[in-house]
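Asker:
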Amino acid sequence: MADINTCLRSYESLFFQELSEVNTAQELELFRTKHLSRHGELSKLMQQLKDLSLEEKKTAGPLLNVLKVKVSDAFTQREKEFEQMRIDHQNMLLTHFDVTAYKPVQPTGSLHPYTQVIEIIEDIFVSMGFEIVDGPEVETDYYNFEALNIPKDHPARDMQDTFWLTLPGLLMRTHTSPVEIHAMRDRKPPLAIVVPGRAYRNESTDASHDFMFMQLEGLFIDKNVSLAQLFATMKTFLQTFFEKKNIAIKIRPSYFPFVEPGVEIDMSCPFCTHGCSVCKKTKWIEIGGAGLCHPVVLKAGGIDPKEYGGFAFGFGLTRLVMLKYGITDIRLLHSNKIDFLKQF
Ligand code: DAH
Numbered sequence: 001m002a003d004i005n006t007c008l009r010s011y012e013s014l015f016f017q018e019l020s021e022v023n024t025a026q027e028l029e030l031f032r033t034k035h036l037s038r039h040g041e042l043s044k045l046m047q048q049l050k051d052l053s054l055e056e057k058k059t060a061g062p063l064l065n066v067l068k069v070k071v072s073d074a075f076t077q078r079e080k081e082f083e084q085m086r087i088d089h090q091n092m093l094l095t096h097f098d099v100t101a102y103k104p105v106q107p108t109g110s111l112h113p114y115t116q117v118i119e120i121i122e123d124i125f126v127s128m129g130f131e132i133v134d135g136p137e138v139e140t141d142y143y144n145f146e147a148l149n150i151p152k153d154h155p156a157r158d159m160q161d162t163f164w165l166t167l168p169g170l171l172m173r174t175h176t177s178p179v180e181i182h183a184m185r186d187r188k189p190p191l192a193i194v195v196p197g198r199a200y201r202n203e204s205t206d207a208s209h210d211f212m213f214m215q216l217e218g219l220f221i222d223k224n225v226s227l228a229q230l231f232a233t234m235k236t237f238l239q240t241f242f243e244k245k246n247i248a249i250k251i252r253p254s255y256f257p258f259v260e261p262g263v264e265i266d267m268s269c270p271f272c273t274h275g276c277s278v279c280k281k282t283k284w285i286e287i288g289g290a291g292l293c294h295p296v297v298l299k300a301g302g303i304d305p306k307e308y309g310g311f312a313f314g315f316g317l318t319r320l321v322m323l324k325y326g327i328t329d330i331r332l333l334h335s336n337k338i339d340f341l342k343q344f
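Dropping the structure here:
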């Protein structure tokens, strides 16, 4: 008899202990299943009553009934509390709906200046019949140098400080020119492509240099290609890009292993007539290199140099973006600072 009494008391304290630890409606439901359902703890206690003697039943029965009423009342009370909490929360949500908390105008992003300029450039070249082409930024020694007539011991390799990867023979492309080779191999002449893309050079950073920058490569292959076609294309592009009909170009002889002859192209300053800070008072701005494709390069691209010729050019796309938007520090363009980018 002492046993059943102890048993009831310890169950009661367990029940109240666990009920006090219930924090959510879900937990309350789990608690109900554990204790008050048909196969719950309380029912199990009732079952034990059956095994007692008549004498014991007389004392334990009423005790059990008292316990049953006590625990079900406590449970109902707790249930009501949770229901009230739910209603209070609901009301709070409704009464505290603050319409002014929502900003009617959400801040919207804008396209990066690079993206904007690339879209303009692509439109211009597409209107001249060029195709936009992409290429890998991780290149092999062969595509970046060898195929472009820059063999291993060639001094031209010194012009480009290369980021070599730890994997042998692989590098971050130092210019977009290797895409010329990919494009020639993937297509049949005649072809006309432009490649806006990133290039990497292992050099220290200042206002006009960064270890990553963008170039715009161009390649045109056909029969009887001349320098005149190259210059006309350059001039048309620059005039359309800067929206100035009177932009002139100036050609200086230069050397790039992948073209012969090679030239450097300057354009008349689109921002002044007498010299300004952009053109450093020279009235001319350097735009990039160009020339007629070297037969070695055509061969590397699988094109017969006896049948076809071509022109190629490589512009500083980063420079074009900086000129177009008057950005004086390349690091700003690459910094991804919202305050700076918001202007565009
Ligand atoms: N790849 C050269 C560089 O990075 C630029 C260049 C010069 C590209 C002349 C050309 C070209 O296609 O014909 O400095």
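Residue numbers for the sequence shown follow the numbering used here, beginning at 1 and rising by one. Glycine included, every Cβ here is placed at the ideal spot set by N, Cα and C. Note that the structure is predicted; figures quoted are calculated from it, not measured.
1. Is any heavy atom in the ligand DAH found nearer than 8 Å to the beta carbon of phenylalanine 163?
2. Can we say the segment 276-294 touches the segment 242-260, given the rule of at least three CB pairs closer than 8 Å?
3. By DSSP, does histidine 209 sit in helix, in strand, or in coil?
4. Under three-state DSSP, which class holds asparagine 149?
5. Here's a check: name, in chain order, each residue in its chain whose Cβ is nearer than 8 Å to the Cβ of valine 138, leaving out the five neighbours to either side.
6. Please go through the segment 231-267 and give each complete beta strand (DSSP E) segment of 3 or more residues, from N-terminal end onward.
7. If you draw a straight line from the C-alpha of cysteine 272 to the C-alpha of aspartate 266, how long is it?
8. Are the CB atoms of phenylalanine 130 and isoleucine 181 within a distance shorter than 9 Å?
9. Leaving aside the five residues before and after alanine 248 along the sequence, list all residues of the same chain whose C-beta is less than 6 Å from its C-beta, in chain order.
10. Are there 16 or more other CB atoms within 10 angstroms of the CB of threonine 233, so buried, or fewer, so exposed?
11. Apply the 10 Å Cβ neighbour rule to alanine 147 and answer buried if 16 or more other Cβ atoms are within range, or exposed otherwise.
12. Threonine 108: beta carbon under 8 Å from a heavy atom of the ligand DAH?
13. Can leucine 8 and leucine 64 be called in contact, C-beta distance under 9 Å?
14. Taking the C-alpha atoms as reference points, what is the distance between methionine 46 and glutamate 55?
15. With H, G and I counted as helix, E and B as strand and the rest as coil, what does DSSP make of threonine 95?
16. Could you tell me which residues DSSP pairs with tyrosine 200 in its beta bridges?
17. Closer than 8 Å to a non-hydrogen atom of the ligand DAH - does that hold for the CB of glycine 289?
18. According to the Cβ coordinates, are phenylalanine 344 and leucine 30 closer than 9 Å?
19. With distances taken Cα to Cα, identify the nearest neighbour of glutamate 203 among Arg185, Gln90, Ile124, Phe163.
20. Does the ligand DAH have a heavy atom nearer than 8 Å to the CB of alanine 300?
21. 9 Å is my cut-off, CB to CB: does serine 110 come that close to chain B?
22. Taking a contact to mean a Cβ-Cβ separation below 9 Å, would you say alanine 312 touches asparagine 149 in this structure?
23. Give the C-beta separation of glutamate 122 and threonine 176 to the nearest angstrom, bearing in mind that I take them to be a contact with Cβ-Cβ under 8 Å.
24. Hey, leucine 317 and proline 189 are a contact pair by Cβ (cut 8 Å); roughly how many whole angstroms apart?
25. I think glycine 309 touches asparagine 224, with their Cβ atoms under 8 Å apart; what is that distance to the nearest whole Å?
26. Mapping the DSSP letters down to three states, classify glutamate 81 as helix, strand or coil.
27. For asparagine 23, does the count of other Cβ atoms within 10 angstroms reach 16, so buried, or fall short, so exposed?
28. Are the CB atoms of aspartate 329 and alanine 156 nearer to each other than 9 Å?
29. Reducing DSSP to helix, strand and coil, say where glutamate 217 ends up.
30. Output the residue ranges of the alpha helix (DSSP H) runs that lie fully inside the segment 112-136 and measure 4 residues or longer, sorted by chain position.
Answerer: Judging by the given coordinates:
1. For this step, residue 163 is matched to residue 163 along the sequence shown. No, Cβ of phenylalanine 163 sits at least 8 Å from all heavy atoms of the ligand DAH.
2. yes
3. On the sequence shown, residue 209 is found 209 positions in, with the first residue counted as 1. Correct three-state label for histidine 209: strand.
4. For the purposes of this step, residue 149 is identified with residue 149 of the sequence shown, where counting begins at 1. Correct three-state label for asparagine 149: coil.
5. For the purposes of this step, residue 138 is taken as residue 138 along the sequence shown, with counting starting at 1. Same-chain partners within the cutoff: Leu165, Leu170, Leu171, Met172, Arg173.
6. 249-254
7. Working through the sequence shown from its first residue, we reach residue 272 at position 272. Working through the sequence shown from its first residue, we reach residue 266 at position 266. Roughly 15 Å between the two C-alpha positions.
8. Along the sequence shown, read from residue 1 onward, the residue named residue 181 stands at position 181. Along the sequence shown, read from residue 1 onward, the residue named residue 130 stands at position 130. In this structure, phenylalanine 130 does not lie closer than 9 Å to isoleucine 181 by Cβ.
9. On the sequence shown, residue 248 is found 248 positions in, with the first residue counted as 1. Ser268, listed in sequence order.
10. On the sequence shown, residue 233 is found 233 positions in, with the first residue counted as 1. Result: buried.
11. What you label residue 147 is simply residue 147 of the sequence shown in a count that begins at 1. Counting the other CB atoms within 10 Å of its CB gives alanine 147 a total of 16 or more, which places it among the buried residues.
12. Sequence index remark: in the sequence shown, residue 108 carries index 108 (1-based). It does not: the Cβ of threonine 108 is nowhere closer than 8 Å to a heavy atom of the ligand DAH.
13. Sequence index remark: in the sequence shown, residue 8 carries index 8 (1-based). Sequence index remark: in the sequence shown, residue 64 carries index 64 (1-based). Yes. Within cutoff.
14. Translated into positions along the sequence shown, residue 46 becomes position 46. Translated into positions along the sequence shown, residue 55 becomes position 55. A straight line joining the alpha-carbon of methionine 46 with that of glutamate 55 spans about 16 Å.
15. On the sequence shown, position 95 is the one that residue 95 refers to. In the structure shown, threonine 95 sits in a helix (DSSP, three-state: H, G or I).
16. For the purposes of this step, residue 200 is identified with residue 200 of the sequence shown, where counting begins at 1. For tyrosine 200, which the question treats as bridged, DSSP gives the partners Met212.
17. For the purposes of this step, residue 289 is taken as the residue at position 289 of the sequence shown. Yes, the Cβ of glycine 289 comes within 8 Å of a heavy atom of the ligand DAH.
18. For the purposes of this step, residue 344 is taken as the residue at position 344 of the sequence shown. For the purposes of this step, residue 30 is taken as the residue at position 30 of the sequence shown. Not closer than 9 Å, so no.
19. Stepping through the sequence shown from its first residue, residue 203 is reached at position 203. Taking glutamate 203 as reference, the option from Arg185, Gln90, Ile124, Phe163 with the minimal CA-CA separation is Phe163.
20. Taking the first residue of the sequence shown as position 1, residue 300 is located at position 300. No - the ligand DAH has no heavy atom lying nearer than 8 Å to the Cβ of alanine 300.
21. The chain labelled as chain B is not found in the depicted structure, where only one protein chain is given.
22. Looking up residue 312 in the sequence shown gives position 312. Looking up residue 149 in the sequence shown gives position 149. No, the pair does not count as a contact, with Cβ atoms beyond the cut-off.
23. Along the sequence shown, one-based indexing puts residue 122 at 122. Along the sequence shown, one-based indexing puts residue 176 at 176. Between threonine 176 and glutamate 122 the Cβ distance is about 14 Å, and since that is not below 8 Å, they are no contact.
24. Counting from 1 along the sequence shown, the entry for residue 317 is found at position 317. Counting from 1 along the sequence shown, the entry for residue 189 is found at position 189. In fact, because the Cβ distance is near 25 Å, the residues do not count as touching under 8 Å.
25. Here the question's residue 309 lines up with position 309 in the sequence shown. Here the question's residue 224 lines up with position 224 in the sequence shown. So it is a contact: roughly 7 Å between Cβ atoms.
26. Here residue 81 refers to the residue found at position 81 of the sequence shown. In the structure shown, glutamate 81 sits in a helix (DSSP, three-state: H, G or I).
27. In the sequence shown, counting from the first residue as 1, residue 23 sits at position 23. When all chains shown are included, asparagine 23 counts as exposed.
28. For the purposes of this step, residue 329 is taken as the residue at position 329 of the sequence shown. For the purposes of this step, residue 156 is taken as the residue at position 156 of the sequence shown. No, they are not a contact pair.
29. Along the sequence shown, one-based indexing puts residue 217 at 217. Strand.
30. 113-127
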